[in-house]
Amino acid sequence: MMVNKIVDFLSAVLSIPLSAVDIAALAKVIMTTFTDLKTAKDNGWADYSSLAPTMNRSSWQYRVQFAFPNPDLPECFYSLVTTIMLEADIEGEFSWWGLTGSTRRNFSAEIDVMQLIVMEGFRDPHKGTGSA
Numbered sequence: 025m026m027v028n029k030i031v032d033f034l035s036a037v038l039s040i041p042l043s044a045v046d047i048a049a050l051a052k053v054i055m056t057t058f059t060d061l062k063t064a065k066d067n068g069w070a071d072y073s074s075l076a077p078t079m080n081r082s083s084w085q086y087r088v089q090f091a092f093p094n095p096d097l098p099e100c101f102y103s104l105v106t107t108i109m110l111e112a113d114i115e116g117e118f119s120w121w122g123l124t125g126s127t128r129r130n131f132s133a134e135i136d137v138m139q140l141i142v143m144e145g146f147r148d149p150h151k152g153t154g155s156a
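Heads up: the sequence shown at position 124 corresponds to 148 in our numbering, and the numbers run straight through without jumps.
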């Protein structure tokens, strides 16, 4: 299943062990987004793109940020700023709505991710100085 492959990739990027609960939560967020793309679009975190019409393929770009505590460094948490481009043999935006976890349409995913490590005490250096 594509969601499991995406979760495996993001878990590897984090380079910290995730609990089974964290992995299940991550999978649920991604699955919920791609099985309810209308809501994701309405909320502004997913956009539809039509690929070459002769290919009968299209895609959705999903933007999300995940944060997890670091079990070895309790004063830090790891954050992933992520864009997931999910492409499939689906023609037309509305044909994506109502996908299920068992939908088979030659899916592929391109994932761009940036990892941030945030330490306790992190503050906006401009806050309170009048600078933006």
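By construction, the Cβ of each residue, glycine as well, lies at the ideal position given by its N, Cα and C atoms.
What you are looking at is a predicted structure, and each value in this text was computed from that prediction instead of being measured.
Subject >> CA-to-CA distance, Ser83 to Gly122, given in whole angstroms >> reply: As a first step, residue 122 must be located in the sequence shown, where it is residue number 98. As a first step, residue 83 must be located in the sequence shown, where it is residue number 59. Taking the straight line joining both Cα atoms gives about 15 Å.
**OP:** Using beta-carbon positions only, say whether Val105 and Leu140 come within less than 9 Å of one another.
**Re:** Within the sequence shown, residue 105 is the residue found at index 81, counting from 1. Within the sequence shown, residue 140 is the residue found at index 116, counting from 1. For Val105 and Leu140, yes; Cβs fall inside 9 Å.
Original post:
Who are Ser132's beta bridge partners in DSSP?
Top reply: As a position in the sequence shown, residue 132 is number 108, starting the count at 1. BP columns for Ser132 point to Glu111.
**OP:** List the endpoints of the continuous alpha helix (DSSP H) containing Phe33.
**Re:** As a first step, residue 33 must be located in the sequence shown, where it is residue number 9. Segment Met26 to Leu38, the alpha helix (DSSP H) holding Phe33.
**OP:** Indicate whether the contact test is met: 3 or more Cβ pairs, each with one atom in the region 65 to 75 and one in the region 85 to 105, closer than 8 Å.
**Re:** yes
Original post:
Taking just the CA atoms, how far does Ser35 sit from Phe101?
Top reply: Residue mapping note: residue 101 aligns to position 77 of the sequence shown, counting from 1. Residue mapping note: residue 35 aligns to position 11 of the sequence shown, counting from 1. Approximately 14 Å, taken between the alpha carbons.
Original post:
When DSSP labels each residue in this structure, what does Asp71 get in the three-state scheme?
Top reply: On the sequence shown, position 47 is the one that residue 71 refers to. Here Asp71 sits in strand by DSSP.
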